[in-house]
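This report concerns only the one structure given below.
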């Protein structure tokens, strides 16, 4: 990325790149319990873990500079919320929806499920939300404060590429 094209100062872009590399090193190793991260202001970020932060993190943050707030004991990992989002999609697809998209937000602890192609009355929507909260969020994510929000759309919320179609 070009700092000039993005309107971000080169020093900030370099810091964001270094922070992203640090985050990637933790998110790619499931044993480290990575939950989420977020850049909240120039040279300020949040880095969260399901349990205790990995050993040596303080030194890596010190070499990075800036301010990184480390959150521990979130009670969930990025992998767990991604899997829960996938299960939420499957529940709605099983109801006959033609298009479903689930977007997890670890910071706000919500999974937003957008769908189209199936009409659900209020009672059915409540039943589906209850199923997802009970079966998909399970005890762990529910205990960590996660919830599910539904958005019905008149248009497709997701369209898969037609790989069989020739150009």
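In this note's numbering, the protein residues as written are 327 to 493. All C-beta atoms in this analysis are idealised placements derived from N, C-alpha and C, irrespective of residue type, glycine included.
Can you find the residues in the same chain that come closer than 6 Å, C-beta to C-beta, to residue i, ignoring five residues on each side of it along the sequence?
i           : result
residue 374 : 361, 362, 397 and 400
Could you give the first and the last residue of the continuous alpha helix (DSSP H) run that contains residue i?
i           : result
residue 420 : 404-420
residue 463 : Segment: none, residue 463 is in no alpha helix (DSSP H) and carries neither H nor E.
residue 448 : 448-457
Using alpha carbons as the reference points, say which of the options lies closest to residue i.
i           : options               : result
residue 444 : 458, 343, 461 and 418 : 418
residue 414 : 341, 404 and 457      : 457
residue 478 : 365, 402, 446 and 364 : 446
residue 364 : 350, 356, 355 and 357 : 350
residue 450 : 436, 476 and 461      : 476
Which class does residue i belong to by DSSP, given the choice of helix, strand or coil?
i           : result
residue 472 : coil
residue 389 : helix
Can you give me the start and stop residues for the beta strand (DSSP E) that residue i sits inside?
i           : result
residue 372 : 370-375
Here's a check: name, in chain order, each residue in its chain whose Cβ is nearer than 8 Å to the Cβ of residue i, leaving out the five neighbours to either side.
i           : result
residue 464 : 410
residue 377 : 359, 398 and 399
Step through the CB atoms of chain C and report whether any lies within less than 8 Å of the CB of residue i.
i           : result
residue 432 : You won't find chain C in this structure, because it holds only one protein chain.
Exercise. Counting pairs of beta carbons, one from the segment 422-433 and one from the segment 383-398, are three or more of them closer than 8 Å?
Worked result: A contact is defined here as three or more CB-CB pairs under 8 Å, and the segment 422-433 fails this definition with respect to the segment 383-398.
Exercise. How about the segment 430-437 and the segment 406-417: do they share at least three Cβ pairs that are nearer than 8 Å?
Worked result: yes
Exercise. So does the segment 367-385 actually touch the segment 439-450, counting three or more Cβ pairs closer than 8 Å?
Worked result: no
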